[in-house]
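Asks: Just so we're aligned, residue 4 is where the sequence shown starts under our numbering, counting upward by one.
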Amino acid sequence: MNEDSLQHPKLERQPMEPRALKSIILSTITIVCAVTACIPLFSVLIMLLYRGGKRLTFQLFYTLPPGAFDAPGVGGFGHAILGTAFMVGIAGLISVPFGILAAIYLAELGPHHKVSEIARFCAKTMTGLPSIIAGVFAYAMVVLLMGHYSAWAGGIALSLLMIPTVMLTAEEAIKMVPNPMREAAYGMGCTPTQSLIKIILPVAMPSIITGVVLAVARAAGETAPLLFTALFSESWLAPNNPTASLAVLIYNWSSSPYQNLIELAWAASLILVVLVFFLNIISRAVGGKTKL
C-alpha cells in the first residue's frame, strides 16, 4: 500500500445498501417528475413556434388588423404592441416610484412600526390577488369616474399588480445591504439620507431592477384587468379611448371564425412569450451582477 492510498483512502459503496438504494430510487423519481413537468411547457413552446412562426413577418409590427374578408397573410397588430407598451409604461411610472419609496420606509425608516407590518401584510396578500379584482377596482375607481374606457385606466389597473412585487423585492434588496456599509457611511459623517442615496440604493439597485423587470413581465401578459379598463380597439393608440393590447388581442382573435385572425393570434402569442422570456433573461442577468 503506497503513501497516497494511506493519506486518501478510497471509500466504496455497495450499490444495494439500503441508503444507496433509497437515494437511487428517490433521484430517479425526482428526474421523472422534472421531465414530466417540462413536457407541457415544451409542448406549448413547440406549438407556438410551429403555429405562430409560420405567420411571423416584419409586417406584423407596423400594420393594422386585416378586414374580415382580406386575403390570408394580410395585416398585423402593430397597434396592440404599441398599446401594450404604453399601458405597461404607465403602470411602471406609477408602481416603480411608489414601490421603491414604500420599500425604503419598510426597510430603513420604520421596519418595526405597526404601519410597516400592516403594509407588508397587505403587499404580500396583493401578490396573490386575482388580476380580475384589480380590473374591477380600476373600473369602479377610474372608468366610471372618467366615463369611458381608456389606456390610462388600463395602465392604472396594471400598476395595482406591479406595486406589491416591486415593493417586496425592493425591500428585500435593501435589507440585504450589509450593515458594515451603513456603519462605514455613518462613521464618515454621512446623514441617514446621504447613506441611503449614496450607499444603500446603489448597492441594492441590481436586485431592485430585477424585481421591476419581473413585475413588467407579469403586467405585459395580463388580460383580465384590461378587459374591464381598456377593452380593445382596431385602430392606432389613442390614450383617451379604448386601446388594444397583445393579451386581449389573443383572447379575442383566438375564438374568431376567420382563419386569418386565428393565425395572427398565434403569432401574437409567440411574440408575447418571447417578450416575457427576454424580460426574465434580463432580470437574471441584472440580478446576477448583485454583489453584496
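Virtual Cβ for every residue (Gly too), placed ideally from N, Cα, C. All figures in this text were calculated on a predicted structure; none of them were measured in a lab.
#1: Need the endpoints of the alpha helix (DSSP H) that TYR53 sits in, please.
#2: Measuring straight from C-alpha to C-alpha, what distance separates GLY102 and ARG54?
#3: Within 10 Å of its beta-carbon, does MET305 have 16 or more other beta-carbons around it, so buried, or fewer, so exposed?
#4: Residues in the same chain with beta-carbon distance under 6 Å from ALA94, minus the five sequence neighbours each way, listed in chain order, please.
#5: Would LEU67 pass as a contact of TYR152 if the rule is Cβ separation under 8 Å?
#6: Can you tell me whether VAL263 is buried or exposed, with buried defined as 16 or more other CB within 10 angstroms of its CB?
#7: Looking at the structure shown, is HIS116 part of a helix, part of a strand, or coil, going by DSSP?
#8: Helix or strand or just coil, what does DSSP make of LEU295?
#9: Would a C-beta distance cut-off of 8 Å place ALA156 and VAL145 closer than the cut-off?
#10: What is the rounded straight-line gap between the Cα of ALA74 and the Cα of TYR261?
#11: Hey, how far is the Cα of PRO245 from the Cα of PHE281?
#12: State the start and end residues of the unbroken alpha helix (DSSP H) segment that holds LYS178.
#13: For the structure I just gave you, are there three or more beta carbon pairs, one from the region 183-192 and one from the region 115-129, closer than 8 Å?
#14: Could you pull the start and end residues of the alpha helix (DSSP H) that PRO75 belongs to?
#15: Applying the criterion that 16 or more other CB atoms from any shown protein chain within 10 Å of the CB defines a buried residue, is LEU112 buried or exposed?
#16: How long is the line joining the alpha carbons of THR213 and ALA176, rounded to whole angstroms?
#17: Taking only three categories from DSSP, how would you classify PHE101?
#18: Skipping 5 residues on each side, what residues in its chain have a beta carbon closer than 6 Å to that of LEU217?
#19: Relative to the alpha-carbon of VAL219, which residue among SER26, PHE89 and THR33 has its alpha-carbon at the smallest distance?
#20: When the Cα atoms are used, what is the spatial distance from ALA227 to ALA83?
#21: Relative to the C-alpha of VAL139, which candidate in ILE274, THR232 and ALA271 has its C-alpha closest?
#22: If distances are taken between C-alpha atoms only, which option among ILE32, GLU20 and TRP256 comes closest to GLY70?
#23: Between LEU48 and the rest of its own chain, which residues show a CB-CB distance below 7 Å, the 5 nearest in sequence each way excluded?
#24: Measuring CA to CA, which of SER210, ALA37, GLY192 and ILE203 is closest to LEU171?
#25: Please name the residue, chosen from ALA126, VAL91, GLY86 and THR87, that lies closest to ALA105 on a Cα-to-Cα basis.
#26: In whole angstroms, what separates the C-alpha of ALA271 from that of SER258?
#27: Report the residue from PRO242, SER46, ILE27 and GLY79 whose alpha carbon sits nearest the alpha carbon of GLN62.
#28: Would you tell me roughly how many angstroms separate the C-alpha atoms of ARG58 and LEU273, rounded to the nearest one?
Replies: With the given structure in hand:
#1: Reading the sequence shown from its first residue, position 50 is the one you call residue 53. TYR53 -> alpha helix (DSSP H) spans 21-56.
#2: Within the sequence shown, the letter at position 99 stands for residue 102. Within the sequence shown, the letter at position 51 stands for residue 54. Annotation: GLY102 to ARG54 spans about 39 Å, alpha carbon to alpha carbon.
#3: Outside the shown range of the chain, which is 4 to 295, sits residue 305, and nothing can be said about it.
#4: Position 91 of the sequence shown holds residue 94. Only residues of its own chain outside the window of five on either side were considered, and among them GLY158, LEU161, SER162, MET165 and ALA222 have a CB closer than 6 Å to the CB of ALA94, listed in chain order.
#5: Translated into the one-based positions of the sequence shown, residue 67 becomes position 64. Translated into the one-based positions of the sequence shown, residue 152 becomes position 149. Not a contact, by the Cβ cut-off of 8 Å.
#6: For the purposes of this step, residue 263 is taken as residue 260 along the sequence shown, with counting starting at 1. This sequence places Asn at residue 263; Val is not what is there. It is buried - the Cβ of ASN263 has at least 16 other Cβ atoms within 10 Å.
#7: Numbered from 1 along the sequence shown, position 113 holds the residue referred to as residue 116. In the three-state reduction of the DSSP assignment, HIS116 falls in the coil class, being assigned neither a helical nor a strand state.
#8: Here residue 295 refers to the residue found at position 292 of the sequence shown. Low local confidence applies: a pLDDT of 49 at LEU295 is under 50, so the model's placement there is unreliable, with the coordinate-based value given in what follows. Coil.
#9: Mapped onto the sequence shown, residue 156 falls at position 153. Mapped onto the sequence shown, residue 145 falls at position 142. In contact: ALA156 and VAL145 (Cβ atoms closer than 8 Å).
#10: Position 71 of the sequence shown, counting from 1, holds the residue named residue 74. Position 258 of the sequence shown, counting from 1, holds the residue named residue 261. Their backbone Cα atoms lie some 11 Å apart in a straight line.
#11: On the sequence shown, position 242 is the one that residue 245 refers to. On the sequence shown, position 278 is the one that residue 281 refers to. Looking at the two C-alpha atoms, the distance is approximately 28 Å.
#12: Here residue 178 corresponds to residue number 175 of the sequence shown, with the count starting at 1. Taken as a continuous stretch (DSSP letters only), the alpha helix (DSSP H) holding LYS178 covers 154-178.
#13: Here the region 183-192 does not lie against the region 115-129, with fewer than 3 beta-carbon pairs under 8 Å apart.
#14: As a working note, residue 75 is residue 72 in the sequence shown. Where PRO75 is concerned, there is no enclosing alpha helix (DSSP H), because DSSP gives it neither an H nor an E.
#15: As a first step, residue 112 is located in the sequence shown; it is residue number 109 there, counting from the start. Result: exposed.
#16: Sequence index remark: in the sequence shown, residue 213 carries index 210 (1-based). Sequence index remark: in the sequence shown, residue 176 carries index 173 (1-based). C-alpha separation (whole angstroms): 10 Å.
#17: Locating residue 101 in the sequence shown gives position 98, where the first residue counts as 1. Residue state, collapsed to three classes: helix.
#18: The residue given as residue 217 occupies position 214 in the sequence shown. The answer, listed in chain order, is SER286.
#19: Position 216 of the sequence shown, counting from 1, holds the residue named residue 219. Measuring from the Cα of VAL219, the nearest candidate turns out to be PHE89.
#20: As a position in the sequence shown, residue 227 is number 224, starting the count at 1. As a position in the sequence shown, residue 83 is number 80, starting the count at 1. The straight-line gap from Cα to Cα measures roughly 16 Å.
#21: For this step, residue 139 is matched to residue 136 along the sequence shown. Among ILE274, THR232 and ALA271, the Cα nearest to that of VAL139 belongs to THR232.
#22: As a working note, residue 70 is residue 67 in the sequence shown. If we check each option's Cα against that of GLY70, TRP256 comes out closest.
#23: To locate residue 48, count along the sequence shown from 1; it is residue 45. Excluding positions up to five away in sequence, the list is empty.
#24: Position 168 of the sequence shown, counting from 1, holds the residue named residue 171. Per the Cα distances, SER210.
#25: If you number the sequence shown from 1, residue 105 lands on position 102. Taking only the C-alpha atoms, the option nearest ALA105 is ALA126.
#26: For the purposes of this step, residue 271 is identified with residue 268 of the sequence shown, where counting begins at 1. For the purposes of this step, residue 258 is identified with residue 255 of the sequence shown, where counting begins at 1. Approximately 14 Å, taken between the alpha carbons.
#27: Here residue 62 refers to the residue found at position 59 when the sequence shown is read from its first residue. Looking at the Cα atoms, GLY79 is the closest of the given residues.
#28: Start at 1 with the first residue of the sequence shown, and residue 58 comes out as number 55. Start at 1 with the first residue of the sequence shown, and residue 273 comes out as number 270. A straight-line Cα-Cα distance of about 10 Å links ARG58 and LEU273.
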